[in-house]
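Numbering (UniProt numbering), first residue to last: 1 to 603.
Put into structure tokens, the structure is as follows:
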């Protein structure tokens, strides 16, 4: 019986070591002798020991994107672009203020954020008598100051009492340059943080929309849609809104053609709905636009009717004869319920990998279908008996009361109770997937437990085994640019950020373009160059061993590598694509019978 539980770790180690076989490619840098640093960090200010310890603890837990001062070369420090606008005396004066901080660690850190915020606020708040030169000079001071204390400040810190973040203040003062600088400097900036309720609970985007500042709106939108996934979500939601509008126009025009005859209109739409139900249930090709039209009509017709239809469908499913579920009357249940039944059948973990055609049909028709964003009646929440009794008692008391206030309260309570709670259709799909995931996890757990029970002594030996490899201690060291002769970026991140900051295009992100296009493309070329030598090396090691079988997979595609870099490694140091290490792949299986022999075979 082949065992595959431990092979991936072994393969990753081999892949990292094999990277040294390829000579490093020398690339000419088009950014040489270009703009200099603005994204630097000077040594931590002189503050009490308790605060220093707190800051060091914070820094170790913060985003791994942040670098320590030792990782910056001299020419990367704060020297050129904005240093002439920020005098050394100003930095020393601010550091002197930090010496008076309290020894309470939590209070110190919070007060440090407060001091930095107030200092930057003074640079950002523009006075009416300032000319453009003065305004630009103060903006440069703010840029230099934030660069100086980059790692000592939490960009999502909310200043009391209005709960403003630095991004809120930047948008409020209409400082486009500083807004873009924050978004480039801090990848963990939260655009959804709201001000206090007294100030309207506004986000930075709310301020920008109120001021009708197109440049800041574009900068915030570019930050929100900086990955392919976020852009896909945006386009998906936009396509749903467009399709819903088209359906409304179609149904309105259809009623005009039928001269507002509701009977004929309902007859036509009911026929279309029945046809779409049967096509979905029988897994036949169909038009997504027609399916969305029929579903939108059915949901808009009567939510109560749809909810009762759902109850009928559930009752039919529970009925059984000879241990088998009773056949479902497709014509009596709503479309979203037909879809749910079909998804439950296709995505069943027991048959998922045995029916490729069914999954292909699902992927082609439903993977990117706007139908998932439609709202349906949510399943009723499970309530405890005590809660239900309390609600009943309260309603009875209110009804017997004769005062107008009690009558109004009773009416409101009844209307709230009878209101239909809604949710998006995709939530039902998520619940279904989680159920199948739990089922699959339990099966894997049982299989592993069977192996352990077969050889418990070996399992105990494995638990006591300690694997040490000092070369790669952390995940941040398991990178393509950390190994000998690995592919290294030919340009610094600060150079690319400077170019992006002063670009006229708010959506242009030079560091992301270099990371996901230039660097990753060169990495893919290396992977294809390495694939054949890697396979030959693996075969020379294991080809003569009769107890193992070796399989090779294709080189990971550029699209998949980009997805991993954006989804899994976006918080890692630049270039984040260097974290993708499993580009050339193999699978090593063996037929050994004991768990200990399997374990030491791989390690």
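Ideal Cβ positions, reconstructed from N, Cα and C, are used throughout, including at glycine. Keep in mind it's a predicted model, so treat the numbers as computed, not measured.
Exercise for the section: Alpha carbon to alpha carbon, how far is residue 247 from residue 379? Give it in angstroms, no decimals. Expected result: As a working mapping, residue 379 is identified with position 379 in the chain shown. As a working mapping, residue 247 is identified with position 247 in the chain shown. Near 26 Å, if we compare the C-alpha coordinates of residue 247 and residue 379.
Problem - Opening and closing residue of the beta strand (DSSP E) in which residue 423 lies - result: Stepping through the chain shown from its first residue, residue 423 is reached at position 423. Its beta strand (DSSP E) spans residues 422-424.
Practice task
Would you identify the three-state DSSP class for residue 504, choosing helix, strand or coil?
Solution key: In the chain shown, counting from the first residue as 1, residue 504 sits at position 504. Of the three classes helix, strand and coil, the one that applies to residue 504 here is coil, per DSSP.
Problem - Residues of its chain near residue 225, where Cβ-Cβ distance is below 6 Å and the 5 sequence neighbours each way are ignored - result: For the purposes of this step, residue 225 is identified with residue 225 of the chain shown, where counting begins at 1. Once the five neighbours on either side are set aside, the close Cβ partners of residue 225 are 231 and 234.
Practice task
Confirm the yes/no value for this check: CB of residue 584, any heavy atom of the ligand MN, distance under 7 Å.
Solution key: Within the structure as shown, the ligand MN is missing, as the structure has no ligands at all.
Practice task
Determine, using beta carbons only, whether residue 574 and residue 489 come nearer to each other than 8 Å.
Solution key: Here residue 574 corresponds to residue number 574 of the chain shown, with the count starting at 1. Here residue 489 corresponds to residue number 489 of the chain shown, with the count starting at 1. Going by C-beta atoms, residue 574 is nearer than 8 Å to residue 489.
Problem - Contact under 8 Å by Cβ, residue 258 with residue 264 - result: Position 258 of the chain shown, counted from the start, is the residue given in the question as residue 258. Position 264 of the chain shown, counted from the start, is the residue given in the question as residue 264. For residue 258 and residue 264, yes; Cβs fall inside 8 Å.
Problem - For residue 176, the nearest candidate out of 214, 297 and 294 (CA to CA) - result: Within the chain shown, residue 176 is the residue found at index 176, counting from 1. Nearest C-alpha to residue 176: 214.
Exercise for the section: In the DSSP assignment, find the alpha helix (DSSP H) that holds residue 375 and state where it starts and stops. Expected result: On the chain shown, residue 375 is found 375 positions in, with the first residue counted as 1. No alpha helix (DSSP H) contains residue 375, which is instead part of the beta strand (DSSP E) from 375-377.
Practice task
Kindly indicate which three-state DSSP category residue 115 falls into: helix, strand or coil?
Solution key: Position 115 of the chain shown, counting from 1, holds the residue named residue 115. Helix, per DSSP.
Handout entry: Segment limits, alpha helix (DSSP H) that includes residue 240
Key = On the chain shown, residue 240 is found 240 positions in, with the first residue counted as 1. Residues 228-257.
Practice task
Taking residue 150 as the reference, give the member of 451, 582, 187 and 129 with the closest Cα.
Solution key: Position 150 of the chain shown holds residue 150. Residue 187 is the option with its Cα nearest to residue 150.
Handout entry: Inter-residue spacing [alpha-carbon to alpha-carbon] between residue 528 and residue 449
Key = Position 528 of the chain shown, counted from the first residue, corresponds to residue 528. Position 449 of the chain shown, counted from the first residue, corresponds to residue 449. The straight-line gap from Cα to Cα measures roughly 39 Å.
Exercise for the section: Thinking residue 589 and residue 549 are a contact (beta carbons under 8 Å), I'd like their distance in whole angstroms, please. Expected result: Taking the chain shown and counting its residues from 1, one reaches residue 589 at position 589. Taking the chain shown and counting its residues from 1, one reaches residue 549 at position 549. Going by Cβ atoms, the distance from residue 589 to residue 549 rounds to 5 Å, so yes, they are a contact pair.
Problem - Supposed contact pair residue 278 and residue 625 - C-beta distance, whole angstroms, cut 8 Å - result: Coverage of the chain is limited to positions 1 through 603, which leaves residue 625 absent and any answer about it impossible.
Handout entry: Coarse secondary structure for residue 287, derived from DSSP in three states
Key = Against the chain shown, residue 287 aligns to sequence position 287. Coil, per DSSP.
Practice task
Pull up the distance between the alpha-carbon of residue 179 and that of residue 299, whole angstroms please.
Solution key: Reading the chain shown from its first residue, position 179 is the one you call residue 179. Reading the chain shown from its first residue, position 299 is the one you call residue 299. Spanning the two alpha carbons is a distance of roughly 43 Å.
Practice task
Report yes if the C-beta distance between residue 508 and residue 521 is below 8 Å; otherwise report no.
Solution key: If you number the chain shown from 1, residue 508 lands on position 508. If you number the chain shown from 1, residue 521 lands on position 521. Cβ distance not < 8 Å, so residue 508 and residue 521 don't count as in contact.
Practice task
Assuming residue 584 contacts residue 534 (C-beta within less than 8 Å), just tell me the rounded distance between them.
Solution key: As a position in the chain shown, residue 584 is number 584, starting the count at 1. As a position in the chain shown, residue 534 is number 534, starting the count at 1. The Cβ separation is near 5 Å, so the contact holds.
Handout entry: Option nearest residue 337 by Cα separation, candidates 161, 572, 495 and 426
Key = For the purposes of this step, residue 337 is taken as the residue at position 337 of the chain shown. The candidate whose alpha carbon is nearest that of residue 337 is 426.
Problem - Buried or exposed by the 16-neighbour rule on C-beta atoms within 10 Å, applied to residue 515 - result: As a position in the chain shown, residue 515 is number 515, starting the count at 1. Counting C-beta atoms within 10 angstroms of its own C-beta, residue 515 has 16 or more neighbours from the protein chains shown and is therefore classed as buried.
Exercise for the section: For residue 585, name the three-state secondary structure that DSSP assigns. Expected result: By 1-based counting over the chain shown, the position of residue 585 is 585. In this structure, DSSP gives residue 585 a state outside helix and strand, which the three-state scheme calls coil.
Practice task
Would you mind stating whether residue 525 and residue 558 have Cβ atoms separated by less than 8 Å?
Solution key: As a first step, residue 525 must be located in the chain shown, where it is residue number 525. As a first step, residue 558 must be located in the chain shown, where it is residue number 558. With respect to residue 558, residue 525 sits apart: the two C-beta atoms are not nearer than 8 Å.
Problem - residue 96 versus residue 148: straight-line alpha-carbon distance, rounded - result: If you number the chain shown from 1, residue 96 lands on position 96. If you number the chain shown from 1, residue 148 lands on position 148. Looking at the two C-alpha atoms, the distance is approximately 15 Å.
Handout entry: Close beta carbons around residue 481, own chain, < 8 Å, minus the five adjacent residues each side
Key = The residue given as residue 481 occupies position 481 in the chain shown. So the list reads 487, 488, 489, 575 and 578, once near-sequence residues are dropped.
Practice task
Would you check if the distance between the CB atom of residue 173 and the CB atom of residue 128 is smaller than 8 Å?
Solution key: In the chain shown, counting from the first residue as 1, residue 173 sits at position 173. In the chain shown, counting from the first residue as 1, residue 128 sits at position 128. No, the Cβ-Cβ distance between residue 173 and residue 128 is not below 8 Å.
Problem - Residues that DSSP places opposite residue 549 in a beta bridge - result: For the purposes of this step, residue 549 is taken as the residue at position 549 of the chain shown. DSSP lists 589 as partners of residue 549.
Handout entry: Contacts around residue 269, its chain only, beta-carbon distance under 6 Å, and the 5 residues preceding and following it disregarded
Key = Mapped onto the chain shown, residue 269 falls at position 269. 297, listed in sequence order.
Handout entry: residue 237 versus 424, 519 and 459, residue with shortest Cα-Cα distance
Key = Within the chain shown, residue 237 is the residue found at index 237, counting from 1. When only C-alpha atoms are compared, the closest one is 424.
Handout entry: Pairwise C-alpha distance: residue 555 and residue 587
Key = One-based indexing of the chain shown puts residue 587 at position 587. One-based indexing of the chain shown puts residue 555 at position 555. So the two alpha carbons sit approximately 13 Å from each other.
Practice task
For residue 685, collect the residues of the same chain with a Cβ closer than 8 Å to its Cβ; drop the 5 residues on either side in sequence, then sort them by chain order.
Solution key: This structure does not reach residue 685, given that the chain is present from 1 up to 603, and the question cannot be answered.
Practice task
Give the DSSP-derived three-state secondary structure of residue 519 in the structure shown.
Solution key: Counted from its first residue, the chain shown places residue 519 at position 519. The three-state secondary structure of residue 519, taken from DSSP, is helix.
Practice task
Determine the DSSP secondary structure at residue 572, reduced to helix, strand or coil.
Solution key: Taking the first residue of the chain shown as 1, we reach residue 572 at position 572. Three-state DSSP puts residue 572 in coil, outside helix and strand.
Practice task
For residue 447, count neighbouring C-beta atoms within 10 Å of its own C-beta (all shown protein chains included) and say buried if the count is 16 or more, exposed if not.
Solution key: By one-based count along the chain shown, residue 447 stands at place 447. In this structure residue 447 is exposed. Its beta-carbon is surrounded by fewer than 16 other beta-carbon atoms within 10 angstroms.
Handout entry: Continuous alpha helix (DSSP H) stretch holding residue 204: start and end
Key = One-based indexing of the chain shown puts residue 204 at position 204. From DSSP, the alpha helix (DSSP H) with residue 204 extends over 204-211.
Exercise for the section: State the start and end residues of the unbroken alpha helix (DSSP H) segment that holds residue 457. Expected result: Residue numbering aside, residue 457 sits at position 457 when the chain shown is read from its first letter. It spans 456-463 - the alpha helix (DSSP H) in which residue 457 sits, taken as one unbroken run.
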